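Read through the structure below, which is laid out as structure tokens, and then see the notes.
See the structure below:
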């Protein structure tokens, strides 16, 4: 009998040890013959291992929950990407009669006047029903649109600019285009071929006015260059004919026509030297950085 008990005990012995939860503790062969204290320590170690396993599972579940929450926030909070808009300058005439344009805009249901920046410039706001945006009109025969749709720009050109305010209209309209973004994290500047506008800068309207002036000058210079190219093309045969002893012009009338065209080009250049290409507008003297904005745009469009 004793031998049979020892054989069974040598394999596995189950003891019931009183505890708060009356758990049954299973002893292996290596624990047989231990004291009650040693058995208690072994039981405690096994409980710790079970606790660690449970904690590990709980930690894994917690990490999974954290990942789910992070994924949800990632979907909601995407990196901020400012919208890119278009700024477009038009040169349509040698000059505009600003005093005639002002009451036309004031009576329009689409456009509204913004407080003046300078005597020779109008700042116009486009209504939301027409797509929104802004227009800066310069007396030098140019206007620049900011985030204005092509349809609204054409409407303004046909019904306001071309109608009555132009002086010596251009048959060919020259344009200059550049993109811009409004970003409160950037300083107002020109970076590459992009205008950066900070909406909280001290004078965002003056900044737009300076950029508009620069783009308008570039468009006007393109108009002058185009006229000069056409004139040079019309007289390119004259030096060759004169060199060969031939008659260069068929009549004195043709000579007078060419002379008149040259005088017109000279007049355009003279006018632009005082109100377009060389002169610095008064509003730019209020803040030194405005002249820098203008110079950066002109240098950019040279290349």
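Numbering (UniProt numbering), first residue to last: 1 to 303.
Here a beta-carbon is modelled for each residue, glycine too, at the ideal position from N, C-alpha and C.
These figures come from a predicted structure and were not determined experimentally.
Measure the CB-CB distance between residue 211 and residue 87 and report whether it falls below 8 angstroms.
By one-based count along the chain shown, residue 211 stands at place 211. By one-based count along the chain shown, residue 87 stands at place 87. In terms of Cβ geometry, residue 211 and residue 87 form a close pair [threshold 8 angstroms].
Best match in 199, 83, 258 for proximity to residue 235 [C-alpha to C-alpha] = Start at 1 with the first residue of the chain shown, and residue 235 comes out as number 235. The alpha carbon of residue 235 has as its nearest neighbour, out of 199, 83, 258, the alpha carbon of 258.
At a cut-off of 7 angstroms, is residue 221 close to the ligand ZN when judged by its beta-carbon and the heavy atoms of the ligand? Although the ligand ZN was asked about, the structure shown includes no ligands whatsoever.
Exercise. List the whole-angstrom C-beta distance separating residue 137 from residue 117, where the pair is believed to meet the contact cut-off of C-beta under 8 angstroms.
Key: On the chain shown, position 137 is the one that residue 137 refers to. On the chain shown, position 117 is the one that residue 117 refers to. Incorrect: roughly 11 angstroms between the Cβ atoms, too far for contact.
Exercise for the section: With DSSP collapsed to three states, give me the class of residue 28. Expected result: Taking the chain shown and counting its residues from 1, one reaches residue 28 at position 28. In this predicted model, residue 28 has a pLDDT of only 48, less than 50, meaning its place in the structure is not dependable; the value taken from the coordinates is given anyway. Annotated three-state conformation of residue 28 is coil, per DSSP.
CB of residue 194 within 8 angstroms of CB of residue 188, strictly: Sequence index remark: in the chain shown, residue 194 carries index 194 (1-based). Sequence index remark: in the chain shown, residue 188 carries index 188 (1-based). No, these two residues do not count as a Cβ contact at 8 angstroms.
message = Just verifying my parser: in three-state terms, what is the DSSP assignment at residue 194?
response = Within the chain shown, residue 194 is the residue found at index 194, counting from 1. It is a strand residue.
What first and last residue would you give for the alpha helix (DSSP H) that runs through residue 161?
Within the chain shown, residue 161 is the residue found at index 161, counting from 1. For residue 161, there is no enclosing alpha helix (DSSP H), as DSSP marks it with neither H nor E.
May I ask which residues mark the beginning and end of the beta strand (DSSP E) holding residue 99?
As a working mapping, residue 99 is identified with position 99 in the chain shown. Premise fails: residue 99 lies in the alpha helix (DSSP H), 98-106, not in any beta strand (DSSP E).
Quiz item: Considering residue 115, what are the terminal residues of the beta strand (DSSP E) in which it resides?
Solution: To locate residue 115, count along the chain shown from 1; it is residue 115. Counting along the chain, residue 115 sits inside the beta strand (DSSP E) bounded by residues 111-118.
Give a yes or no on whether the C-beta atoms belonging to residue 148 and residue 101 are separated by under 8 angstroms. Within the chain shown, residue 148 is the residue found at index 148, counting from 1. Within the chain shown, residue 101 is the residue found at index 101, counting from 1. The answer is no: Cβ separation not under 8 angstroms.
- Query: What separation, rounded to the nearest whole angstrom, lies between the Cα atoms of residue 109 and residue 82?
  - Reply: Taking the chain shown and counting its residues from 1, one reaches residue 109 at position 109. Taking the chain shown and counting its residues from 1, one reaches residue 82 at position 82. Taking the straight line joining both Cα atoms gives about 30 angstroms.
request  = Can you give me the start and stop residues for the beta strand (DSSP E) that residue 145 sits inside?
outcome  = Numbered from its first residue, the chain shown carries residue 145 at position 145. In this chain, the beta strand (DSSP E) harbouring residue 145 covers 142-146.
Item checked: Nearest-angstrom beta carbon gap, residue 95 and residue 139 [assumed within contact, 8 angstroms] -> Along the chain shown, read from residue 1 onward, the residue named residue 139 stands at position 139. Along the chain shown, read from residue 1 onward, the residue named residue 95 stands at position 95. Sure, about 6 angstroms apart at Cβ, within 8 angstroms.
Helix, strand or coil for residue 90? Go by DSSP, reduced to three states. Within the chain shown, the letter at position 90 stands for residue 90. In this structure, residue 90 counts as strand in the three-state DSSP scheme.
inquiry  = Within a Cβ cutoff of 6 angstroms, which residues of the same chain sit near residue 114, ignoring the five residues on either side of it in sequence?
reply    = One-based indexing of the chain shown puts residue 114 at position 114. Counting only residues of its own chain and dropping the five nearest sequence neighbours on each side, residue 114 has a CB closer than 6 angstroms to the CB of 123, 125.
Between the alpha carbons of residue 376 and residue 247, how many angstroms are there, rounded?
One cannot answer for residue 376 here, as it falls past the ends of the chain, which runs 1 to 303.
(Q) Spatial neighbours of residue 19 within its chain, please: C-beta separation below 7 angstroms, excluding the five flanking residues on both sides. (A) As a working note, residue 19 is residue 19 in the chain shown. Model confidence at residue 19 stands at a pLDDT of 44, short of 50, so the residue's coordinates are unreliable and nothing is read from them.
CB residue 142 to CB residue 216, shorter than 8 angstroms? Indexing the chain shown from 1 puts residue 142 at position 142. Indexing the chain shown from 1 puts residue 216 at position 216. Contact flag set, yes.
Can you give me the C-alpha to C-alpha distance between residue 103 and residue 162, rounded to a whole angstrom? Position 103 of the chain shown, counted from the first residue, corresponds to residue 103. Position 162 of the chain shown, counted from the first residue, corresponds to residue 162. Their backbone Cα atoms lie some 15 angstroms apart in a straight line.
Original post:
Taking just the CA atoms, how far does residue 64 sit from residue 133?
Top reply: Your numbering for residue 133 matches position 133 in the chain shown. Your numbering for residue 64 matches position 64 in the chain shown. Rounded to the nearest angstrom, the gap between the Cα atoms of residue 133 and residue 64 is 47 angstroms.
Notebook entry, point to check: Taking just the CA atoms, how far does residue 190 sit from residue 313?
Noted result: Residue 313 lies beyond the range of the chain shown here (1 to 303); nothing can be said about it.
Exercise. Is it right to say residue 207 is buried, meaning 16 or more other beta carbons lie within 10 angstroms of its own, or is it exposed?
Worked result: Taking the first residue of the chain shown as 1, we reach residue 207 at position 207. Classification of residue 207: buried, given that the 10 Å Cβ count is 16 or more.
Could you give the distance in angstroms between the alpha-carbon of residue 299 and the alpha-carbon of residue 169?
-> By one-based count along the chain shown, residue 299 stands at place 299. By one-based count along the chain shown, residue 169 stands at place 169. Approximately 27 angstroms, taken between the alpha carbons.
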